[in-house]
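Asker:
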Amino acid sequence: NAGVTQTPKFQVLKTGQSMTLQCAQDMNHEYMSWYRQDPGMGLRLIHYSVGAGITDQGEVPNGYNVSRSTTEDFPLRLLSAAPSQTSVYFCASSSTGREKLFFGSGTQLSVL
Amino acid sequence: AQKITQTQPGMFVQEKEAVTLDCTYDTSDPSYGLFWYKQPSSGEMIFLIYQGSYDQQNATEGRYSLNFQKARKSANLVISASQLGDSAMYFCAMRDSGGSNYKLTFGKGTLLTVNP
Chain C
210 NAGVTQTPKF QVLKTGQSMT LQCAQDMNHE YMSWYRQDPG MGLRLIHYSV
260 GAGITDQGEV PNGYNVSRST TEDFPLRLLS AAPSQTSVYF CASSSTGREK
310 LFFGSGTQLS VL
Chain X
4 AQKITQTQPG MFVQEKEAVT LDCTYDTSDP SYGLFWYKQP SSGEMIFLIY
54 QGSYDQQNAT EGRYSLNFQK ARKSANLVIS ASQLGDSAMY FCAMRDSGGS
104 NYKLTFGKGT LLTVNP
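Line by line, the protein sequences are chains C and X.
In terms of this note's numbering, the first sequence is residues 210 to 321.
In terms of this note's numbering, the second sequence is residues 4 to 119.
Okay, here's the thing in structure tokens:
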């Protein structure tokens, strides 16, 4: 039972570099989302998707792009990393937006 | 205004005692859901309990119960008979329509420490 799989678990980037955080789920969930967690801030929604081909912005979307070409995958792209994007990133999914979220194990990203 | 407020940055409890973690929320939507998640030091997010706004009874899951007071807009988590393994960060979250049915908004969390 893989659930929600995120890669990589750790990543260090230099300012201006680009990268993609991968997220895949094998539960046939329609709803997928990306959160970032910063100390004292809780989890804040970056982008979400309610199905293949449909994405929308969350609370803190600037500096991030997403796409949803398949039900299983929901990658998060940082086009030009900034130190302010140093954070722990979580991907989460649910069968519908009304159900509990299943979380991936997180990606710890540092931008120097 | 914050949608979810957790006023206790940190809480301490003795092993085997009960503890209440506070959560208040703000919504004008009559249909909403409230969630509690646990995040141990290892970092994973663990779902604990769910309460729907139309549920007549308070939710319970083993040692976890949710003290749902709709008029006060509070959804406090009660952990009975605390165990050392309950030491973790706890997040309250809400899903309401607010322009979208799909956004789960989290509070800033409460760090619970269980002392032996």
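Quick reminder that beta carbons are idealized off the backbone N, C-alpha and C, glycines included.
(1) Output the distance between the C-alpha atoms of residue 268 of chain C and residue 20 of chain X, rounded to the nearest integer angstrom.
(2) Check the Cβ-Cβ distances between residue 236 of chain C and every residue of chain X, and say whether any is below 8 Å.
(3) Exposed or buried, residue 325 of chain C, counting other C-beta atoms within 10 Å across all chains shown (16 or more means buried)?
(4) Give every residue of the same chain whose Cβ lies closer than 6 Å to the Cβ of residue 73 of chain X, excluding the five residues on either side of it in the sequence, and list them in chain order.
(5) In this structure, what does DSSP give as the bridge partners for residue 1 of chain X?
(6) Among the candidates X:31, X:11, X:34, X:33, whose CA atom is the shortest distance from the CA of residue 23 of chain X?
(7) Within this structure, are the beta carbons of residue 49 of chain X and residue 67 of chain X separated by less than 8 Å?
(8) Against residue 48 of chain X, what residues of chain C qualify as contacts under a CB-to-CB distance less than 7 Å, listed in chain order?
(9) Which residues in the same chain have their Cβ closer than 8 Å to the Cβ of residue 42 of chain X, if we skip the five residues on either side of it in sequence?
(10) Give me the Cα-Cα distance between residue 226 of chain C and residue 79 of chain X, rounded to the nearest whole angstrom.
(11) Within 10 angstroms of its Cβ, does residue 240 of chain C collect 16 or more other Cβ (buried), or is it exposed?
(12) Could you work out which residues of chain C lie near residue 109 of chain X, taking near to mean beta carbons separated by less than 7 Å?
(13) So, do the segment 309 to 316 of chain C and the segment 230 to 249 of chain C have three or more beta carbon pairs nearer to each other than 8 Å?
(14) Closest to residue 254 of chain C by C-alpha separation, out of X:114, X:117, X:110, would be which residue?
(15) Determine which residues of the segment 27 to 55 of chain X have a Cβ less than 7 Å from any Cβ of chain C, and write them out in chain order.
(16) With a cut-off of 8 Å, does the C-beta of residue 112 of chain X fall near any C-beta of chain C?
(17) So which of X:6, X:107, X:18 has the shortest CA-CA distance to residue 302 of chain C?
(18) Check each candidate in X:59, X:118, X:34, X:77 and name the one with the smallest Cα separation from residue 87 of chain X.
(19) Helix, strand or coil: which one does DSSP assign to residue 88 of chain X?
(20) Which of helix, strand or coil does DSSP assign to residue 294 of chain C?
Answerer: Considering the structure as presented:
(1) Going from the Cα of residue 268 of chain C to the Cα of residue 20 of chain X covers about 38 Å.
(2) It does not: the Cβ of residue 236 of chain C has no partner Cβ on chain X nearer than 8 Å.
(3) Any question about residue 325 of chain C goes unanswered here, given that chain C covers just 210 to 321.
(4) None.
(5) Nothing about residue 1 of chain X can be read from this structure; chain X reaches only from 4 to 119.
(6) For the residues X:31, X:11, X:34, X:33, the minimum Cα distance to residue 23 of chain X belongs to X:11.
(7) No.
(8) Neighbours of residue 48 of chain X on chain C, chain order: 299, 312.
(9) The beta carbon of residue 42 of chain X sits closer than 8 Å to those of 48, 49, 91, 92, 93, 94, 112, all from its chain and outside the five residues before and after it, given in chain order.
(10) When only Cα atoms are considered, residue 226 of chain C and residue 79 of chain X end up about 43 Å apart.
(11) Looking at its Cβ environment, which holds 16 or more other Cβ atoms inside 10 Å, residue 240 of chain C is buried.
(12) Those are 251, 252, listed as they occur along chain C.
(13) As far as the Cβ criterion goes, the segment 309 to 316 of chain C touches the segment 230 to 249 of chain C, which means the pair count is three or higher.
(14) Answer by Cα proximity: X:110.
(15) So the list reads 36, 38, 46, 47, 48, 50, 53, given in the order they occur along the chain.
(16) So, interface residue.
(17) It is X:107 whose Cα lies nearest to the Cα of residue 302 of chain C.
(18) Out of X:59, X:118, X:34, X:77, X:118 has the C-alpha closest to the C-alpha of residue 87 of chain X.
(19) Residue 88 of chain X: helix per DSSP, three-state reduction.
(20) Under the three-state reduction of DSSP, residue 294 of chain C is assigned to helix.
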